[in-house]
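All remarks here apply to the structure that follows.
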Amino acid sequence: VFCEIPSNPLLRSPNIGGLRELTSRYQVPLLIDDTLGGTTNLRMLPAADVLVTSLTKYFSGVGDVMGGAWILNADSPLYTELKELAAAEFEDMLFDGDAVTLEVNSRDCAQRMQRINNNAETLAGFLHEHRAVMRVYYPKYETTEHYNAFRREGAGYGGLLSFDVTAPAVNAPRVFDALRVAKGPNLGTNYTLSCPYTILAHYQELDFAERCGVSRYLIRVSVGLEPTHEIIARFAEALEYAGS
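The numbers in our numbering rise by one with no breaks, and the one at position 15 of the sequence shown is 25.
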């Protein structure tokens, strides 16, 4: 069973405790991807047989290198079997220079993540109260109890959020075009980044995405390290185009 916490792009967290109980009962491996929440925010390894995380995103932050990691839980009853399988299938494809860049970029990961948490939570609160915003998707507002069950003490809710604007067919393009932040499908960068997620990821299946609760007009935001007031000002400015 493979799951991510929280999910992309609706930032909902599954009932990991329930999944752990079910997979243990039937001796099925549970693989958890904590990329969107961030390893400094979530303590997921005790609940997983295998923890998967991106090193491209928050771990690096700069956006100049790619990598990923998986960690086997040594306390898992499936550890020996999974270790043998991993050893048989593993390919070391990380270039030495990329490994050096990842190490350098990651040195201030915990400090960066704390600032990103604060910026994202402030932006989510601003959007949550804005007249032109219909709904905000953020772990603080979505299935919070499942996220909090694994949130580290003093940690936050990550840097990713999504939102729907009112009259989205008209207003979403206006707001997105007016938003003065970097545009692109990545996340976890030190700079704020936004994208029309559903159109990029599900262009050939927009109706299917909407049946799953993901609006075709959804705007996804990866919040960065800019001064909080600057981020809020840019979103306030863009939202003025809603209904204008």
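No residue lacks a Cβ here, since even glycine has one placed at the ideal position from N, Cα and C.
Quick caveat, the model's predicted, so the values are computed rather than measured.
Can you say whether residue i is buried or exposed, counting buried as having 16 or more other CB atoms within 10 angstroms of its CB?
| i | result |
| --- | --- |
| F69 | buried |
| D59 | buried |
| C222 | exposed |
| F100 | exposed |
| R162 | exposed |
| I126 | buried |
| R22 | buried |
| E131 | buried |
| L133 | buried |
| Y213 | exposed |
| G48 | buried |
| A98 | exposed |
When you compare only the Cα positions, how much space is there between residue i and residue j?
| i | j | result |
| --- | --- | --- |
| R230 | V146 | 10 angstroms |
| S17 | Y36 | 24 angstroms |
| K150 | S232 | 15 angstroms |
| C13 | P24 | 8 angstroms |
| I209 | A219 | 10 angstroms |
| N83 | P206 | 36 angstroms |
| D118 | V143 | 34 angstroms |
| I26 | R184 | 38 angstroms |
| D175 | I242 | The residue you asked about is not Asp; residue 175 is Val in the sequence shown. Approximately 16 angstroms, taken between the alpha carbons. |
| A258 | A182 | Outside the displayed range of the chain (11 to 254) lies residue 258, so it cannot be described from this structure. |
| G194 | A211 | 12 angstroms |
| L228 | L137 | 13 angstroms |
| A179 | R190 | 20 angstroms |
| T33 | A177 | 42 angstroms |
| I15 | E240 | 29 angstroms |
| L235 | A96 | 36 angstroms |
| I42 | V110 | 26 angstroms |
| R244 | G253 | 17 angstroms |
Can you give me the Cβ contacts of residue i inside the same chain, cut-off strictly under 6 angstroms, excluding the 5 residues immediately before and after it?
| i | result |
| --- | --- |
| A165 | N51 |
| L104 | G77 |
| L88 | P39 and D59 |
| T238 | N129 and T132 |
| R141 | none |
Within a Cβ cutoff of 7 angstroms, which residues of the same chain sit near residue i, ignoring the five residues on either side of it in sequence?
| i | result |
| --- | --- |
| K67 | T45, L197 and G198 |
| Y251 | R184, V185 and A188 |
| R30 | L40 and A57 |
| L55 | L61, I81 and N83 |
| A79 | T63 and L65 |
| R226 | T208, I209, L216, A219 and E220 |
| A120 | T50 |
Keeping to the same chain, check which residues put their C-beta closer than 8 angstroms to that of residue i; ignore five residues upstream and five downstream.
| i | result |
| --- | --- |
| L20 | Y147, E152, S172, G223 and V224 |
| A192 | T199, Y201, T202, L203 and S204 |
| K93 | L82 |
Check the Cβ-Cβ distances between residue i and every residue of chain D, and say whether any is below 9 angstroms.
| i | result |
| --- | --- |
| L52 | The structure shown contains no chain D; it is built from a single protein chain. |
Please list the terminal residues of the continuous beta strand (DSSP E) segment that includes residue i.
| i | result |
| --- | --- |
| L170 | L170 to V175 |
| T1 | Past the boundaries of the shown model lies residue 1; the chain is included only from 11 to 254, so the question cannot be answered. |
| V146 | V143 to Y147 |
| E99 | No beta strand (DSSP E) holds E99; the alpha helix (DSSP H) holding it covers Y89 to E99. |
Are the beta-carbon atoms belonging to residue i and residue j less than 9 angstroms from one another?
| i | j | result |
| --- | --- | --- |
| D74 | N115 | yes |
| R122 | G168 | no |
Just to confirm the assignment, what range does the alpha helix (DSSP H) spanning residue i have?
| i | result |
| --- | --- |
| T132 | C119 to E139 |
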